[in-house]
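Numbering (the UniProt record's numbering), first residue to last: 1 to 218.
For every residue, glycine included, the Cβ atom is placed at its ideal position computed from N, Cα and C.
Every value quoted in this text rests on a predicted model; they were computed, and no experiment measured them.
Here is the structure we will look at, set down as structure tokens.
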Ligand SMILES: CC(=O)SCCNC(=O)CCNC(=O)[C@H](O)C(C)(C)COP(=O)(O)OP(=O)(O)OC[C@H]1O[C@@H](n2cnc3c(N)ncnc32)[C@H](O)[C@@H]1OP(=O)(O)O
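Structure follows, in structure tokens:
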């Protein structure tokens, strides 16, 4: 019996982050990558790992019958959210990409458009929203709630029952102690230790993390 053909998807974005997402898709083996999409004209016609950059959004609309869905591989939370919204408004389905070397515990829910990278651990009953990046070796412990368009950067540790509001960026190597609420559109600077809940639109950094400035809404 022949194995059924894999579904074809596109990768939106052709940056360094996209390289890692491509690697995950290949290792996971659920989908074939039909082409890459990028709105930057200088990327059009280039290749990355032998996958061609088809063009931008207009070109994707012309080739929509060739794919069953896609993934947004853009590191910026703001840009990733905007592209994901545009794709959903135009009827594209977003898939999830989970590296085979990520550990996902019982009861975890991961919504569409989210990428989980190598060595990440997501523990029991945590919820991960749409278009989230759980980056390399990030650790999200039990009962956490990670809202849409968040980036948990490499090596960050969220202890149990932490919630992170939409659009927030927990920078590399940060630690958040248990039971805290990180608001929406927050940035926690690299290497910080967060010991108190953080209000919306704040940049905090340091050990322990302290308020640095207010961020604009996006
Ligand atoms: C695979 C990948 O690469 S995924 C991507 C991973 N990327 C990251 O994790 C991003 C890490 N970036 C940071 O931590 C940055 O410092 C940010 C985003 C928190 C802040 O960046 P900026 O807004 O440019 O802040 P800026 O560099 O101007 O610093 C502002 C102040 O905050 C301080 N500060 C900035 N970051 C930190 C930090 N992580 N810890 C302590 N203090 C910090 C600065 O010393 C400065 O203080 P001063 O005004 O007293 O001199």
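Alpha carbon of residue i to alpha carbon of residue j, nearest angstrom
| i | j | result |
| --- | --- | --- |
| residue 162 | residue 2 | 46 Å |
| residue 88 | residue 73 | 15 Å |
| residue 171 | residue 193 | 11 Å |
| residue 101 | residue 30 | 15 Å |
| residue 62 | residue 69 | 14 Å |
| residue 190 | residue 180 | 18 Å |
| residue 33 | residue 48 | 11 Å |
| residue 25 | residue 19 | 10 Å |
| residue 145 | residue 44 | 37 Å |
| residue 23 | residue 65 | 24 Å |
Test item: CB-CB of residue i and residue j under 8 Å
| i | j | result |
| --- | --- | --- |
| residue 183 | residue 202 | yes |
| residue 104 | residue 122 | yes |
| residue 127 | residue 116 | no |
| residue 131 | residue 80 | yes |
| residue 129 | residue 143 | no |
| residue 82 | residue 94 | no |
| residue 204 | residue 97 | no |
Those residues which DSSP pairs with residue i across a bridge
| i | result |
| --- | --- |
| residue 151 | 133 and 169 |
| residue 213 | 203 |
| residue 158 | 140 and 176 |
| residue 163 | 145 and 181 |
Note to self: Three Cβ pairs or more, each shorter than 8 Å: is that satisfied between the stretch 11 to 21 and the stretch 73 to 85?
What the structure shows: yes
Notebook entry, point to check: Counting only runs that start and end within the stretch 51 to 132, where is the beta strand (DSSP E) found for 3 or more residues in a row?
Noted result: Listed in chain order, they are 51 to 55 and 69 to 72.
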